[in-house]
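*Asks:*
In the numbering used here, the protein residues as written are 1 to 115.
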């Protein structure tokens, strides 16, 4: 059983329930030493992104994965949540379009995609 993958799938479901859009879960183990899985999602507004960050961080802690590292929450266009092999990227619409993280990891197997 892979606890990190289970957590990632739970976060995808949580994000979908909280109205995040264009959610993808990628297996990046073969591409980077920094994470095993990466979730990328889009938030509608800064407030929405901050709510997603809060709820995802709480879920990570509640599942016993410790306190995640969070970067970018004050800037409003890109929030990174880093937790033991899982990176969660919450981007605003313009940042998502500009950075196109899925292209960066285009060779990574896509585990889940939610529009």
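For every residue, glycine included, the Cβ atom is placed at its ideal position computed from N, Cα and C.
For residue 55, which residues from the same chain have a beta carbon less than 7 angstroms from its beta carbon, with the 5 sequence-adjacent residues on both sides left out?
*Replies:* Here residue 55 is taken as the residue at index 55 of the chain shown, counted from 1. Only 14 and 18 meet the Cβ criterion.
*Asks:* How would you write the range of the beta strand (DSSP E) that residue 10 sits in, first residue to last?
*Replies:* Here the question's residue 10 lines up with position 10 in the chain shown. Element bounds for residue 10: not the beta strand (DSSP E) but the alpha helix (DSSP H), 3-17.
*Asks:* Specify the secondary structure class of residue 107 as computed by DSSP and reduced to three states.
*Replies:* As a position in the chain shown, residue 107 is number 107, starting the count at 1. Reduced to three states, the DSSP call for residue 107 is coil.
*Asks:* Using the Cα positions of residue 10 and residue 105, report the straight-line distance between them to the nearest angstrom.
*Replies:* Along the chain shown, read from residue 1 onward, the residue named residue 10 stands at position 10. Along the chain shown, read from residue 1 onward, the residue named residue 105 stands at position 105. Residue 10 and residue 105: Cα-Cα distance of roughly 21 angstroms.
*Asks:* Between the alpha carbons of residue 40 and residue 107, how many angstroms are there, rounded?
*Replies:* Within the chain shown, numbered from 1, the residue matching residue 40 stands at position 40. Within the chain shown, numbered from 1, the residue matching residue 107 stands at position 107. Roughly 15 angstroms between the two C-alpha positions.
*Asks:* Mark residue 3 as exposed unless 16 or more other C-beta atoms lie within 10 angstroms of its C-beta, in which case mark it buried.
*Replies:* Locating residue 3 in the chain shown gives position 3, counting from the first residue. Looking at its Cβ environment, which holds fewer than 16 other Cβ atoms inside 10 Å, residue 3 is exposed.
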